[in-house]
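The numbering of the sequence shown is my numbering, which starts it at -5 and goes up by one.
This report concerns only the one structure given below.
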Amino acid sequence: MAQVVSSNPSLLRLAAVFLLIASVQPALASDSFLDPQGPIAAVQKTHLLRATALILLAVIPVLVLVPVIAFRYRRRSNRIAPYAPDWDFSAKLEFVMWGVPVIIVALLSFYLWKATHRLDPYSAPFGEDPALRVQVVGLDWKWLFLYPDLGIATVGEFGIPTKRQVALTLTTDTVMQSFLIPALAGQIYAMPGMTTQLHLVADAPEVMQGENTQYNGRGFTKQKFRTIAMSGEDFDTWVEEVRNNSIQLDAATYRNLAMRTDRDEVQAALGTSRMPDDALYFTIEDDLFRNILSRYHSGQPLPIDLQPGTASFGQEAQK
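Here is the structure:
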């Protein structure tokens, strides 16, 4: 068996991917923008540190001077502090008290304006290579990742290549949710019948945590997923692994997937022995993302039993 693996480059790359996942699965190595794994999170970290330093220019003097003034001007018999009951104005003091905050606010405004434009989630400033398109659908209580150009879909596992821009288009088929991969990019809201966008890039192979930060019921704590950044060759191997070990994401499968089930429940319902214990693999043919969006654009309200966010959704099919 070892000879077969060593003589097959694709199997070697796949083994490397699995070793990377296994090495960090007990405790995800990067789940904060303070440990950035991409240029967007790195800019966010720099912006936070710069803003904190500027704010501390006003905060630290207050924290130091308040106890000093309280001690110096405390009531005592042998007072040494000058007593000036008619004093009410000092040009130097007024300049410091108002001038320093004005300068700080001006600098913060400049850096905030600059960072807001630089971190625009709809912009695509990371090279001229074609971005990997990924469509993201929020469900109760899991995220569905659709790769329309690759014909695959996943739940619980989000694979991306390193050094290549990933263009996400997001929506939900239930309540509003908030998509976040802290180590790569800031959060972006997703709403039913609407789309939002997010662009991100991973610098190096790493496994990171993604989640929903908008509370949405009992399965909220389990609505997390593993983001795996891989080299281009490893990503191609991962795509083939997903394709070869998947099931068809047809209407019946999607109905089961969209029910109010958490990650463990849907894994038990749709998972197979060829899939990871905490991820689902699918193949897709039709434009599922567009079908999900179009259901909310008919001009008529959806019946309750056709709304994935309701308890009655899918119950008729189970009878």
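A virtual CB, placed ideally from N, CA and C, is assigned to each residue, including glycine.
Close-in-space but distant-in-sequence residues of the same chain around residue i (CB under 7 Å, 5 per side omitted)
i: A36; result: P30
i: I74; result: none
i: I182; result: P115, L164, F173, T190 and L192
i: M269; result: N239 and Y275
i: T156; result: A196, D197, A198, P199, A223, M224 and S225
Span separating the alpha-carbon of residue i from that of residue j
i: A125; j: L174; result: 19 Å
i: I54; j: N72; result: 30 Å
i: E227; j: G93; result: 56 Å
i: L144; j: E235; result: 12 Å
i: S84; j: Q38; result: 40 Å
i: Q208; j: D281; result: 27 Å
i: K216; j: D134; result: 10 Å
i: V131; j: A273; result: 15 Å
i: W81; j: H41; result: 42 Å
i: N285; j: L50; result: 51 Å
i: A78; j: R66; result: 14 Å
i: V128; j: K86; result: 58 Å
i: F27; j: A47; result: 18 Å
i: L43; j: I298; result: 48 Å
i: H291; j: M91; result: 56 Å
i: S267; j: R112; result: 44 Å
i: P142; j: I278; result: 8 Å
i: G211; j: E259; result: 15 Å
i: K108; j: L194; result: 18 Å
Close Cβ partners of residue i (< 8 Å) along its chain, the five nearest in sequence each way excluded
i: L300; result: R289 and F307
i: A45; result: L102, Y105 and L106
i: A52; result: V94, P95 and I98
i: F214; result: W135 and N206
i: L57; result: none
i: T247; result: I241, L264 and F276
i: D271; result: Q261 and G265
Contacting residues, own chain, Cβ-Cβ under 6 Å from residue i (five flanking each side not counted)
i: F219; result: W137, G150, F152 and G204
i: T221; result: F152, I175, M202 and G204
Test item: CB-CB of residue i and residue j under 8 Å
i: S240; j: N206; result: no
i: M170; j: A184; result: yes
i: T110; j: L287; result: no
i: D25; j: A245; result: no
i: A161; j: G32; result: no
i: A262; j: A223; result: no
i: P302; j: D167; result: yes
i: P199; j: S225; result: yes
Any 3 or more C-beta pairs closer than 8 Å across the stretch 185 to 195 and the stretch 231 to 244 = no
Length-filtered (4 minimum) alpha helix (DSSP H) runs lying within the stretch 130 to 176 | none
Any chance the stretch 247 to 256 sits against the stretch 61 to 69, with 3 or more Cβ pairs inside 8 Å?
-> no
Jot down the residue ranges of each uninterrupted alpha helix (DSSP H) in the stretch 276 to 307, minimum 4 residues, whole runs only, in chain order.
-> 282 to 288
Segments assigned alpha helix (DSSP H), at least 4 residues, entirely inside the stretch 220 to 266 = 226 to 238, 245 to 251 and 257 to 264
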